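Student: For reference, the structure I am asking about is given below.
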Amino acid sequence: MNSLFENSNPQVEILNFQTFTTEYVAKRYGTSETNIRDHKREHADEIVEGIHFIVETNKFRKTAIKWTLRGIIKLGMFIRSKEAKCFRLWAEQELEKTILSELAQAKETKARNVELSHKYADLEAYAKFEAKRHGDQINGYKSQISKHNAVIVKLKNELAEFKTSSPRSESLQTLLEYARKERDFYKQKLQKTEKQKRDKELVTFRVLQ
Numbered sequence: 004m005n006s007l008f009e010n011s012n013p014q015v016e017i018l019n020f021q022t023f024t025t026e027y028v029a030k031r032y033g034t035s036e037t038n039i040r041d042h043k044r045e046h047a048d049e050i051v052e053g054i055h056f057i058v059e060t061n062k063f064r065k066t067a068i069k070w071t072l073r074g075i076i077k078l079g080m081f082i083r084s085k086e087a088k089c090f091r092l093w094a095e096q097e098l099e100k101t102i103l104s105e106l107a108q109a110k111e112t113k114a115r116n117v118e119l120s121h122k123y124a125d126l127e128a129y130a131k132f133e134a135k136r137h138g139d140q141i142n143g144y145k146s147q148i149s150k151h152n153a154v155i156v157k158l159k160n161e162l163a164e165f166k167t168s169s170p171r172s173e174s175l176q177t178l179l180e181y182a183r184k185e186r187d188f189y190k191q192k193l194q195k196t197e198k199q200k201r202d203k204e205l206v207t208f209r210v211l212q
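Below, the structure written as structure tokens:
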């Protein structure tokens, strides 16, 4: 098995990508490139592009065949030699490792997606709860502002009836000032709550994104 990797430095990049040149495959099978191409042509119904090999085009528009691990195993069905048996076995082991690795990654990805979906649902529920809470607060402040505005209008009308200073007018003036302060208090609360609502909605939107 170790002989498969002797003098393989030029093939490091190819090995990392799990595709192999016809030259490399022929050498490891102990045969010629012409023989590999002949098998590809003679068994075209079984050797499928995209599964057993891919066609790459370089910047000079020259094409080259690159064999996959499945392609190496398929070729091994038609090549009989001591080297072929070892090389096919190696390819089968590599393919098995690749499949197991992909299955492990898929399992990990699925588990992570489930976890993220739960977090997303929790965050979305929290965002809706916060939006409703802020909405209720805002509606409450608006209601208070509306009530105080009505009181202010009423007090202004009553004050208009008094043309001269009197204890009654002074009392109405005090009530008017008090009503204005109360209204302004709720206005400030309203503005603060609306800002908090916008800020939280922005943060939640970014997190959900």
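Positions in the sequence shown are counted from 1; adding 3 to them yields the working numbering.
Each residue gets a CB set at the ideal place from its N, CA and C atoms; glycine is no exception.
Owing to the predicted nature of the structure, the values given are computational and were not obtained by experimental measurement.
(1) Which one or two residues does DSSP pair with E52 in a beta bridge?
(2) With a Cβ-Cβ cutoff of 8 Å, do F90 and H42 count as a contact?
(3) May I ask which residues mark the beginning and end of the beta strand (DSSP E) holding K69?
(4) Starting from the Cα of K198, find the closest Cα among H137, A182, R209, K110 and give me that residue.
(5) Kindly indicate the opening and closing residues of the alpha helix (DSSP H) around S146.
(6) Going by other Cβ atoms of all chains shown within 10 Å of its Cβ, with 16 needed for buried, is Q194 buried or exposed?
(7) At a cut of 8 Å, does the segment 60–76 reach the segment 19–38 through at least three beta carbon pairs?
(8) Can you list, in chain order, the residues of its chain whose CB lies under 8 Å from that of L98, leaving out five sequence neighbours each side?
(9) Quick one: is H55 buried, meaning 16 or more other Cβ sit within 10 Å of its Cβ, or exposed?
(10) Does DSSP classify F81 as helix, strand or coil?
(11) In whole angstroms, give me the CA-to-CA distance for E49 and I57.
(12) Among I39, T24, F23, V210, which has the Cα closest to the Cα of Y129?
(13) Do the segment 119–134 and the segment 172–188 meet, that is, are 3 or more Cβ pairs less than 8 Å apart?
(14) Give me whichever residues DSSP pairs with S23 in a beta bridge.
(15) Taking L158 as the reference, give the member of E164, L179, K192, K110 with the closest Cα.
(16) Tell me the DSSP secondary structure of T34 in three-state form.
(17) Return helix, strand or coil for H42, following the three-state DSSP convention.
Tutor: From the atom records:
(1) As a working mapping, residue 52 is identified with position 49 in the sequence shown. Beta-bridge pairing links E52 to F56.
(2) Stepping through the sequence shown from its first residue, residue 90 is reached at position 87. Stepping through the sequence shown from its first residue, residue 42 is reached at position 39. No. Outside cutoff.
(3) Within the sequence shown, the letter at position 66 stands for residue 69. Residues 66–70.
(4) Within the sequence shown, residue 198 is the residue found at index 195, counting from 1. Out of H137, A182, R209, K110, H137 has the C-alpha closest to the C-alpha of K198.
(5) Within the sequence shown, the letter at position 143 stands for residue 146. First-last of the alpha helix (DSSP H) with S146: 85–163.
(6) Position 191 of the sequence shown, counting from 1, holds the residue named residue 194. Its Cβ having fewer than 16 others within 10 Å, Q194 is exposed.
(7) yes
(8) On the sequence shown, position 95 is the one that residue 98 refers to. Excluding positions up to five away in sequence, the list reads L72, R73, I76.
(9) Mapped onto the sequence shown, residue 55 falls at position 52. The residue in question, H55, is buried, as its Cβ has 16 or more Cβ neighbours within 10 Å.
(10) Position 78 of the sequence shown, counting from 1, holds the residue named residue 81. Looking at F81 - three-state DSSP - the assignment turns out to be coil, as it is neither helix nor strand.
(11) Here residue 49 refers to the residue found at position 46 when the sequence shown is read from its first residue. Here residue 57 refers to the residue found at position 54 when the sequence shown is read from its first residue. Taking the straight line joining both Cα atoms gives about 14 Å.
(12) The sequence position of residue 129 within the sequence shown is 126, counting from 1. Taking only the C-alpha atoms, the option nearest Y129 is V210.
(13) no
(14) Here the question's residue 23 lines up with position 20 in the sequence shown. The sequence shown places Phe at residue 23, rather than the Ser named in the question. F23 pairs with W70.
(15) Residue 158 sits at position 155 when you count from the first residue of the sequence shown. For L158, the closest of E164, L179, K192, K110 by C-alpha to C-alpha distance is L179.
(16) For this step, residue 34 is matched to residue 31 along the sequence shown. Note: T34 maps to coil in three-state DSSP.
(17) As a working note, residue 42 is residue 39 in the sequence shown. Note: H42 maps to helix in three-state DSSP.
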